[in-house]
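Peer 1: Take a look at the following structure, please.
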Amino acid sequence: MKDSNCAYCMGGELLDQFGIKICDLDVSQLILFKEQSKPGRCIVAYKDHVSEIVDISDEERNRFMADVTRAARALHKAFHPDKVNYGAYGDTGCHLHMHLVPKYQGQDEWGGVFQMNPNKKYLSQAEYDEMSEKIKACL
């Protein structure tokens, strides 16, 4: 099940607008969010174009959440955040995915929802590559 208008389904130029695929996981893909005001911010996107977590079987949900957990562990190992926040929205892009947003004491606001796309910090391609490799090595 793929949607030709969905960045998570199609990749390429649609995904390039906001993310860089790091790798495939068990039932999802791990994507580095280009806006890096929260160092290590990633997205775990389910392999198929479904809107809601209730649209997949219990087994698939457990596998998806295992992918989210695996990615979160890698972020903790690679970047040592004080907290990782998890966001599952999808109001505009109805593809099951979860944002993993590392937060760091003294650098981040606490007690509120992270900004979806603050447009504050973008990296060079070499920096994205280095960050992606660091995350991959920690998976």
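Numbering (UniProt numbering), first residue to last: 1 to 139.
Where a beta carbon is used, it is the ideal one built from N, C-alpha and C, also for glycine.
Hey, out of Ala72, Leu139 and Tyr89, whose CA is closest to Asp82's CA?
Peer 2: Ranking the options by Cα distance to Asp82, first place goes to Ala72.
Peer 1: Distance, Cα to Cα, Gly90 vs Phe33?
Peer 2: Cα to Cα, the separation comes out at about 15 Å.
Peer 1: Quick one: what's got a C-beta closer than 6 Å to Asn117's C-beta in the same chain, skipping five residues either side?
Peer 2: Once the five neighbours on either side are set aside, the close Cβ partners of Asn117 are Glu35.
Peer 1: Tell me the residue span of the beta strand (DSSP E) that contains Asn85.
Peer 2: Counting along the chain, the beta strand (DSSP E) containing Asn85 begins and ends at Lys83 to Gly87.
Peer 1: Can you grab the Cα-Cα spacing for the pair Gly48 / Met1, in whole Å?
Peer 2: A quick correction: the sequence has Asp, not Gly, at residue 48. Near 5 Å, if we compare the C-alpha coordinates of Met1 and Asp48.
Peer 1: Whole-angstrom Cβ separation of Tyr46 and Val27, contact assumed at under 8 Å?
Peer 2: Contact flag correct, Cβ pair sits at about 7 Å.
Peer 1: Can you give the Cα-Cα distance for Trp110 and Val50, rounded to whole angstroms?
Peer 2: Taking the straight line from one Cα to the other gives about 32 Å.
Peer 1: Tell me which same chain residues have a C-beta within less than 6 Å of the C-beta of Cys9, skipping the five on either side of it?
Peer 2: Result list for Cys9: Lys2, Asp3 and His49, in chain order.
Peer 1: Could you tell me the distance, in whole angstroms, from the CA atom of Phe64 to the CA atom of Ser124?
Peer 2: Taking the straight line from one Cα to the other gives about 30 Å.
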